[in-house]
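Here the structure is laid out as structure tokens; the discussion comes afterwards.
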Ligand SMILES: CC(C)(COP(=O)(O)OP(=O)(O)OC[C@H]1O[C@@H](n2cnc3c(N)ncnc32)[C@H](O)[C@@H]1OP(=O)(O)O)[C@@H](O)C(=O)NCCC(=O)NCCS
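Numbering (the working numbering), first residue to last: 1278 to 1441.
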């Protein structure tokens, strides 16, 4: 069973841990967006549209956020998946795939039907396995832009306990 918590409602210790993992993994991206220290990462995650933290009992499995981009009008959706991270010891065990299915169910229920993400070349095939498609390349950063028409995944309903 995977426990789901809203970032806003977790302990300060866990907030710091998650912020520090993400800041280490994507420091350049944060700095580009004028986020230069852990306190600013925490503020960002506290205020983003959605930030979920996934736990196995009290152990951190991973995290994922949904950002609403109000400036980018190129795409007919404003919802972007970001900060998707699975802790190393939980990788290659289908946790990432199940968490993607969980967020799809969650957004689908809210009538959000299209999601985009930016990713490096090394994870394109991972997303393709969950039926994401390549949509474009960002000309300035060279990052891949992927798109998913969201669907309902009944097969994972019993695997998540939501304590949002
Ligand atoms: C990418 C990531 C989320 C995958 O999580 P995971 O829990 O290990 O993924 P899963 O176990 O659900 O993998 C599902 C399938 O994708 C494959 N896969 C996993 N990572 C892959 C990758 N980087 N490239 C290609 N395939 C990958 C798995 O082998 C598995 O294949 P199978 O169905 O044929 O057995 C995780 O490796 C991670 O957090 N990486 C660091 C942060 C990151 O890059 N996040 C993405 C930001 S855009």
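Cβ atoms here follow ideal geometry from the backbone N, Cα and C, with glycine treated the same way.
If you're wondering where the values come from, they're calculated on a predicted model, not measured in any experiment.
Backbone CA spacing between residue i and residue j [nearest angstrom]
i: residue 1337; j: residue 1330; result: 8 Å
i: residue 1298; j: residue 1431; result: 31 Å
i: residue 1400; j: residue 1358; result: 14 Å
i: residue 1318; j: residue 1365; result: 21 Å
i: residue 1380; j: residue 1311; result: 27 Å
i: residue 1370; j: residue 1436; result: 14 Å
i: residue 1296; j: residue 1368; result: 19 Å
Selected residue, minimal CA-CA separation from residue i, among the options
i: residue 1344; options: 1360, 1335, 1333; result: 1360
i: residue 1374; options: 1307, 1387, 1404; result: 1404
i: residue 1347; options: 1364, 1312, 1365, 1326; result: 1326
i: residue 1389; options: 1371, 1364, 1428, 1370; result: 1428
i: residue 1384; options: 1402, 1356, 1371, 1291; result: 1356
i: residue 1386; options: 1412, 1434, 1322; result: 1434
i: residue 1322; options: 1282, 1335, 1334, 1333; result: 1282
i: residue 1288; options: 1382, 1412, 1335; result: 1335
Own chain residues within Cβ distance below 8 Å of residue i, not counting five before or after
i: residue 1362; result: 1298, 1299, 1302, 1339, 1340, 1341
i: residue 1407; result: 1374, 1377, 1378, 1425
Beta-carbon contacts of residue i that lie in its chain and below 7 Å, excluding the five residues immediately before and after
i: residue 1376; result: 1331, 1339, 1341
i: residue 1410; result: 1423, 1424
i: residue 1218; result: With the chain running from 1278 to 1441 in the structure shown, residue 1218 is simply not present.
i: residue 1278; result: 1436, 1438
With 16 other Cβ atoms within 10 Å as the buried cut-off, status of residue i
i: residue 1320; result: exposed
i: residue 1292; result: buried
Cβ contact (3+ pairs, closer than 8 Å) linking the segment 1389-1399 and the segment 1413-1432
yes
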